[in-house]
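Chemist: If you read the protein sequences in the order shown, they are chains A and B.
The numbering of the first sequence is the numbering used here, which starts it at 82 and goes up by one.
The numbering of the second sequence is the numbering used here, which starts it at 4 and goes up by one.
The beta carbon of each residue, even a glycine, is placed where N, CA and C say it ideally should be.
None of these values were measured; they are calculated from a predicted model.
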Amino acid sequence: MSMFFDLLGGLLLVCGAAFLLFGGLGLVRMPDLFNRIQAGTKATTLGTLLTLAGVVCLRPEWGFKLLLIGLFILFTNPISSQVLARAAHRSGTKMSDKTCVDKLEEDFGEKP
Amino acid sequence: MKKAQDFALLFATLLLFWLLLNGSVAVDVVLVGIGVALLIPFLFRDSLAVFSELRVTPQALMAALAYAVYFVKELINANIRLARIVLSPSLPVEPGIVKVRTRLKSKMGRLLLANSITLTPGTLTVELDDEWLYVHWVKVESADVEAATTSIVAGFEQYLEVMYG
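(1) Of all the CB atoms in chain D, is at least one closer than 9 Å to the CB of residue 123 of chain A?
(2) Any C-beta of chain B within less than 8 Å: which residues of the segment 163 to 179 of chain A qualify?
(3) Suppose the cutoff is 6 Å on Cβ atoms and the five residues either side in sequence are ignored; what does the same chain contact list for residue 137 of chain B look like?
(4) Measuring straight from C-alpha to C-alpha, what distance separates residue 110 of chain A and residue 106 of chain B?
(5) When DSSP labels each residue in this structure, what does residue 99 of chain B get in the three-state scheme?
(6) For residue 120 of chain A, which residues in chain B fall below 9 Å Cβ to Cβ?
(7) So if DSSP puts residue 70 of chain B in a beta bridge, which residue, or which two residues, is it bridged to?
(8) I need the boundaries of the beta strand (DSSP E) containing residue 33 of chain B, first residue and last residue.
(9) Determine the DSSP secondary structure at residue 130 of chain B, reduced to helix, strand or coil.
(10) Answer with yes or no whether the minimum CB distance from residue 119 of chain B to chain A is below 9 Å.
(11) Using only the alpha-carbon positions, how far apart do residue 116 of chain A and residue 161 of chain B sit?
(12) Is the CB of residue 100 of chain B under 9 Å away from at least one CB in chain A?
(13) Could you name the residues of chain B that residue 160 of chain A contacts, counting a contact when the two beta carbons are closer than 9 Å?
(14) Can you tell me the Cα-Cα spacing of residue 36 of chain B and residue 67 of chain B, whole angstroms?
(15) Please identify the residue among B:92, B:116, B:150 whose C-alpha is closest to the C-alpha of residue 106 of chain A.
(16) Which residues does DSSP pair with residue 138 of chain B in a beta bridge?
(17) Does DSSP classify residue 148 of chain B as helix, strand or coil?
(18) Taking beta-carbon pairs under 7 Å, can you tell me which members of the segment 127 to 160 of chain B lie near chain A?
(19) Among residues of its own chain, excluding the 5 on either side of residue 28 of chain B, which ones have a beta-carbon nearer than 7 Å to its beta-carbon?
(20) Along chain B, in chain order, which residues have C-beta atoms closer than 7 Å to that of residue 110 of chain A?
(21) By how many angstroms is the C-alpha of residue 86 of chain A removed from the C-alpha of residue 95 of chain A?
(22) Which residue's Cα is closest to the Cα of residue 146 of chain A: B:74, B:133, B:20?
(23) Contact check, residue 124 of chain A vs residue 103 of chain A under 8 Å by CB: the rounded distance?
(24) Going by DSSP in three states, residue 24 of chain B sits in which element: helix, strand or coil?
(25) How would you write the range of the alpha helix (DSSP H) that residue 173 of chain A sits in, first residue to last?
(26) Determine the DSSP secondary structure at residue 122 of chain B, reduced to helix, strand or coil.
(27) Do three or more CB pairs link the segment 153 to 165 of chain A to the segment 124 to 141 of chain A at distances below 8 Å?
(28) Tell me which residues share the same chain as residue 97 of chain B and place their Cβ nearer than 6 Å to its Cβ, disregarding the 5 neighbours each side in the sequence.
(29) Could you tell me the alpha carbon to alpha carbon distance between residue 151 of chain B and residue 11 of chain B, rounded to whole angstroms?
(30) Between residue 155 of chain A and chain B, is the shortest Cβ-Cβ distance under 9 Å, so that the two count as touching?
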């Protein structure tokens, strides 16, 4: 049984690491800041959660604390990304040439 | 009555966090936890009102469960799509910021909606303005407000509406 959990934990850790790697790749490859934030937020959230789940399988006694860490990540990660994106847009960060529509610019366009 | 219920809910949440953080139910740990969990709602009950908007009914609990399942599904889906975009040599993105409208009224409901949007396929909430949300979309499917609302918001809204209204 412990063998099974070791395997499962290892598998989850590898999956988590893979998603974190994709997130890192996204940070390098995406064309502008907003797309980079997207890559960073999603991949790090799932990547970290999978890593935490993997650790729970290997060390069940840490379960409660890891659950708390996961909850805090779920709540704080998107908020920090949203605030970063908003600050970037307000300070006039250039968007990629591929951008096809910007409703925010249309509604709040006139910069102070 | 409403005040007492808020107090009890906040107390229970704080105590639960304290116990999870300590990972033990020894007498001294629990006593300190109860003391602090009583003090904090007493001092900050107005500014922590976000908890009190949650409805505590069987339907709301069912909706919360369904929401959690849907959320996890969408989170995994989001990551697979992102991985596909990042790994394809042509980098097929078509970014833009679209505007969507939510029917949710409560602050906590809107917060959860904005967070959920950020964590799900290709979308990132940039700005909130009352009922309007400005969402950055990696692959814009439609710039139209109604169509974008159906595509981005509707999935989560049906659950959050029952939970928070």
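Modeler: Let's see:
(1) No chain D is present in this structure, whose protein chains are A and B.
(2) 163, 166, 167, 170, 176, 177, 179
(3) Excluding its 5 nearest sequence neighbours in each direction, residue 137 of chain B has C-beta neighbours in its own chain below 6 Å: 100, 102, 129, 130, listed in chain order.
(4) 36 Å
(5) Three-state result, residue 99 of chain B: strand.
(6) 85, 88, 89, 141
(7) Paired residues: none, contrary to the question.
(8) Counting along the chain, residue 33 of chain B falls outside any beta strand (DSSP E), though it belongs to the alpha helix (DSSP H) covering 30 to 47.
(9) Here residue 130 of chain B sits in strand by DSSP.
(10) Taking Cβ atoms only, chain A reaches closer than 9 Å to residue 119 of chain B, which makes this a yes.
(11) 28 Å
(12) yes
(13) 114, 117, 118, 121
(14) 27 Å
(15) B:92
(16) B:101, B:128
(17) helix
(18) 127, 128, 129, 130, 137, 139, 141, 143, 146
(19) 22
(20) 89, 94
(21) 14 Å
(22) B:20
(23) 5 Å
(24) helix
(25) That residue, residue 173 of chain A, is in no alpha helix (DSSP H); it is neither H nor E in DSSP.
(26) helix
(27) With a cut-off of 8 Å, the segment 124 to 141 of chain A and the segment 153 to 165 of chain A count as touching, because enough Cβ pairs lie within range.
(28) 142, 143
(29) Taken atom to atom, the span from the alpha-carbon of residue 151 of chain B to that of residue 11 of chain B is near 39 Å.
(30) yes
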